[in-house]
């Protein structure tokens, strides 16, 4: 093989030229273009990973819902477990008593709501019929729409709802999946309450070097964030439900207690849940008692939500789980599009915990990445 004066063969020279070509082309690009390409590639990788995780979660929807609900309830009930442990209750019995307390509260609340509102359903049907007639007259007299056009629009709405109604087989399968998810969540809840801390210590023992300290701190911060979010959200939702429920009682709106319960459940979906719950209360007030009561109900809902959003939420949540409203809206919408109502429920706590973990890891890396201090001359 022929060599030149430097000892390199023509094939080696050609290989180095071809290898240097892409590097020279990349180096010749302006830095804004190189930065945009790098960030775009990272963004594509992140979005692809999130999309893949979302697809897996949808395919394993019952398991994903059970795991999310278990973690949420574990963080919510952890103070109760710790209180029982301080009272020298064995850990297995403490976990069982905590779950029984949760089931007792849920069953008791359901029985109370049914006993207080079962007698109102008959009266509500008559009030709704009268309210719908008044609403119909108000719409036809105020808006440029005739009775025939309104009937046609209502019929199209009924047809659309009937066409989108699930078939009996699909409904039975969904009910079985929900029942299985609830049972699985209860079993996992017991084991996490009983053995969650020992499981976490087992994970930390498998870590070596500085990764153990970073993982331990990130885990503590993430768990503290999830607990603060779950308890803070429950408190805020309860305050919203009590405030709006009292307003509905004072205004004479029927089914005030079920509407307050809907408001409480809607409080676990930030922004969207409160808006939907308030809209349901206003519609019931409009159909049952007319436009005046509906406007007063709307004013009460807006007042309670403003007090909650501007005063109570910063006071209860503090800065530990704060996310910008725009981020919350995007995250809730993405969760709802991926996994429906369940996705809307779990999207915000996932985002809050993820952000706190990333922030903790980044703060641990900054001192390690800082250059060492130069010694000063004597």
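In our numbering, the protein residues as written are 2 to 379. All C-beta atoms, glycine included, are put in the ideal place defined by N, C-alpha and C. This structure is a prediction, so every number in the text was calculated from the model and none was measured.
Rounded to whole angstroms, what's the CA-CA distance from residue 88 to residue 98? Just pull it up for me.
13 Å
Taking DSSP as the reference, what is the three-state secondary structure of residue 80?
helix
With a Cβ-Cβ cutoff of 8 Å, do residue 96 and residue 82 count as a contact?
yes
Whole alpha helix (DSSP H) runs in the region 241 to 283 with 4 or more residues, listed along the chain?
257 to 267
Apart from the five residues just before and just after residue 203, which ones in its own chain have a Cβ nearer than 6 Å to its Cβ?
none
Under 8 Å by Cβ, that's how I've got residue 286 and residue 254 pegged, so tell me the actual separation to the nearest angstrom.
5 Å
Endpoints, the alpha helix (DSSP H) within which residue 35 is located
32 to 60
Taking the straight line between their C-alpha atoms, what separation do you get for residue 90 and residue 104?
19 Å
If I'm right that residue 291 touches residue 135 with Cβ under 8 Å, what's the distance once you round it to whole angstroms?
6 Å
Is the Cβ-Cβ distance between residue 268 and residue 277 less than 8 Å?
no
Please report how far the alpha carbon of residue 117 lies from the alpha carbon of residue 214, in whole angstroms.
53 Å
Backbone CA spacing between residue 294 and residue 137 [nearest angstrom]
16 Å
For the alpha helix (DSSP H) containing residue 209, name the first residue and the last one.
That residue, residue 209, is in no alpha helix (DSSP H); it is neither H nor E in DSSP.
Which one of 356, 32, 28 has the shortest CA to CA distance from residue 225?
356
If you drop the 5 nearest sequence neighbours on each side, which residues of the same chain put their C-beta closer than 6 Å to that of residue 74?
190
Can you tell me whether residue 271 is buried or exposed? The criterion is at least 16 other CB atoms within 10 Å of its CB, across all chains shown.
buried
Consult DSSP for residue 291 and reduce its assignment to one of helix, strand or coil.
coil
How would you call residue 363, buried or exposed, if buried means at least 16 neighbouring beta carbons within 10 angstroms?
exposed
Determine the DSSP secondary structure at residue 106, reduced to helix, strand or coil.
helix
Might you give, ordered along the chain, the residues of its own chain that have their beta carbon closer than 7 Å to the beta carbon of residue 79, omitting 5 neighbours on each side?
228
Whole-angstrom distance between residue 312 and residue 76, CA atom to CA atom:
24 Å
Own chain residues within Cβ distance below 7 Å of residue 220, not counting five before or after:
201
By how many angstroms is the C-alpha of residue 342 removed from the C-alpha of residue 154?
27 Å
What three-state label does DSSP hand residue 194 in the structure shown?
helix
Which of helix, strand or coil DSSP assigns to residue 365:
helix
Tell me whether residue 231 is buried or exposed, calling it buried when 16 or more other Cβ atoms sit within 10 Å of its Cβ.
buried
Less than 8 Å between the beta carbons of residue 246 and residue 258, yes or no?
yes
For residue 145, which three-state DSSP category applies?
coil
Could you check whether residue 308 and residue 281 sit closer than 8 Å to each other, using their CB atoms as the reference points?
no
Give the straight-line distance between the Cα atoms of residue 67 and residue 58, rounded to the nearest whole angstrom.
11 Å
Kindly indicate which three-state DSSP category residue 153 falls into: helix, strand or coil?
helix
Indicate the three-state DSSP secondary structure (helix, strand or coil) for residue 166 in the structure shown.
Any reading at residue 166 needs caution, since the residue's pLDDT is 48, under 50, leaving its predicted position unreliable; the model's value is listed next. Residue 166: coil per DSSP, three-state reduction.
According to the neighbour-count rule (16 or more other Cβ atoms, all chains shown, within 10 Å of its Cβ), is residue 33 buried or exposed?
exposed
Buried or exposed: residue 173, going by 16 or more other Cβ atoms within 10 Å of its Cβ?
exposed
Would you tell me roughly how many angstroms separate the C-alpha atoms of residue 279 and residue 354, rounded to the nearest one?
28 Å
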